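Heads up: the structure comes next, in structure tokens.
Residue numbers (the working numbering), protein chains in the order written: chain A, 182 to 534; chain B, 172 to 273.
Right, here's the structure in full:
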């Protein structure tokens, strides 16, 4: 038997909470609905219960919705989050999505809007929380592409994996083009398929997009699967003395890189380093700076720290995170800030793939 | 149906990210600012303190830095070291800016 989902409603107005409870109780999945009238009360309830969905207002006294959401996204990454607000300023929509919130809704004022809102909530409740691409229940990216192609659809899939973004163009069930960073066509398609997790969204089709991929989607998917299998196979073969190099060694070969430091937040293990004789000092600075600016981002409600670039007379430096690893990379001082930022993204891309 | 009235609520004190700049001296005092007065002074002070601390700790780690660029999804902070203090620029990012970046 399927467990009943729990929804937490957060708003400082008790009348609105009653109204939401009434409206949301109409959902076909009949979720259990709880209410909280302050951010601190909501945090306590989240601590004590296993909620599936949080629906929060933005404008609240003491702890506003952005503050609550920035904590919630960090503490409960699996929790689905919806903002329901009367704020119309686009900056807040941008910031809400930057925090990783699933839905931003203006408070519905007509029956039609309420109906659409409920449909969105039902869809969110139904989504699987396991690994995979958020957007469709427990489907891999291969499944999604197959679904689009088999149904003869036309669309553009925009796939995001941390700082990496790729697009796949599908026209009448045929893969016609792909793009990922500097890569295009088949190479980009293979690159995107190598990402293990991420998010995707379906954008409107672009029929005028020039076709660069001529192979069938089946052939391309097969090629990708083979390439991934080969990459996972152990390199050992009889009589072949193959040196096993650290993945960091590959990163340190990127143009402009002077050193690479990889750290796992929360672990006490010695960080891996390349090109640094004494990594302890740099590790301490990187951890301290990351924490300092992460906290500042929370206070400003500006979202998680994406990247920090420091320019210096001796060398430049950049901090960024990919999956569960924090990177601190030293760069040649002849590079511009823009070059460091772009190359740092490439380093993360290389690591992710 | 009265729903519009029911859902309406007086505006609250949501923090809007400002565009502008300010300078802090080596003691962390804000000297000049072009930020809107609605942006809390305590946050301006916090930003100033954090960038000064980052510059100082970098120098202590034998990695002197003259500029810091801190990127959040909805805000970019650029800080330039200035004789022990700093000049700090704040630039909010909108949905359009985020779209063009990707």
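Yeah, the Cβ is synthetic: ideal placement off N, Cα and C, and Gly gets one too. Just so you know, these numbers come straight off a predicted model, no measurement behind them.
Per DSSP, residue 330 of chain A is one residue of the alpha helix (DSSP H) stretching across 322-331. C-alpha of residue 480 of chain A to C-alpha of residue 214 of chain B: approximately 8 angstroms in a straight line.
Below the 9 angstroms Cβ cutoff, chain A contributes 466, 470, 491, 493, 498 as neighbours of residue 229 of chain B, in chain order. At a cut-off of 4 residues, the continuous stretches assigned as alpha helix (DSSP H) that sit fully inside the segment 204-236 of chain B are 212-231.
Under the three-state reduction of DSSP output, residue 399 of chain A falls in the helix class. Under the 8 angstroms criterion on CB atoms, residue 513 of chain A is classed as non-interfacial with respect to chain B.
Among the residues of the segment 241-258 of chain B, those with a Cβ less than 7 angstroms away from any Cβ of chain A are 241, 242, 243, 244, 245, 246, in the order of the chain.
Within the segment 487-517 of chain A, the runs of beta strand (DSSP E) at least 3 residues long that lie entirely inside it are, in chain order, 488-492, 496-503, 506-513. Identification of residues in the segment 471-487 of chain A having a C-beta nearer than 9 angstroms to some C-beta of chain B yields 473, 474, 476, 477, 478, 480, 481, 482, 483, 484, 485, 486, 487, given in sequence order. By the C-beta criterion, the segment 283-303 of chain A is judged not to be in contact with the segment 348-357 of chain A, since fewer than 3 inter-stretch pairs fall below 8 angstroms.
Residue 235 of chain B reaches chain A at 493, 494, 495, counting residues in chain order whose Cβ is nearer than 8 angstroms. Residue 287 of chain A carries a strand assignment under DSSP once its states are collapsed to helix, strand and coil. Contact note: residue 518 of chain A reaches chain B through 238, 240, 249, using a C-beta cutoff of 9 angstroms and chain order. Taking 8 angstroms as the upper bound for CB-CB distance, residue 268 of chain A and residue 240 of chain A are in contact here, some 7 angstroms apart. Residues are counted here when their Cβ sits less than 7 angstroms from a Cβ of chain A; for the segment 209-226 of chain B these are 214, 217, 218, 221, 224, 225, given in chain order. Under a criterion of Cβ atoms nearer than 7 angstroms, no residue of chain B is adjacent to residue 256 of chain A; the nearest Cβ is some 18 angstroms distant.
Of the residues assessed, residue 533 of chain A falls on the buried side of the cut-off, its CB having 16 or more other CB atoms within 10 angstroms. Where residue 221 of chain A is concerned, the enclosing alpha helix (DSSP H) starts and stops at 220-229. In this structure residue 203 of chain B is exposed. Its beta-carbon is surrounded by fewer than 16 other beta-carbon atoms within 10 angstroms.
Among the CB atoms of chain A, one or more fall inside 8 angstroms of the CB of residue 263 of chain B.
CA-CA distance, residue 475 of chain A to residue 365 of chain A, rounds to 34 angstroms.
Along the segment 255-275 of chain A, the positions whose C-beta sits under 8 angstroms from a C-beta of chain B are 267, 268, 270, 271, 272, 273, 274, 275, read in chain order.
Taking 8 angstroms as the cut-off, the beta carbon of residue 460 of chain A is found no closer than this to the beta carbon of residue 507 of chain A.
Residue 191 of chain A: member of the beta strand (DSSP E) spanning 187-191, first to last residue.
According to DSSP, residue 347 of chain A shares a beta bridge with A:340, A:361.
Using a Cβ-Cβ cut-off of 8 angstroms, residue 240 of chain A counts as an interface residue toward chain B, since at least one Cβ of chain B sits closer than that to its own. Contact annotation: residue 199 of chain A and residue 238 of chain A have beta-carbon atoms that are not nearer than 8 angstroms. The beta-carbon of residue 502 of chain A is placed no less than 8 angstroms from the nearest beta-carbon of chain B. Excluding its 5 nearest sequence neighbours in each direction, residue 221 of chain A has C-beta neighbours in its own chain below 8 angstroms: 243, 244, listed in chain order. For residue 190 of chain B, no chain A residue has a Cβ inside 9 angstroms of its Cβ, as the nearest lies near 10 angstroms away.
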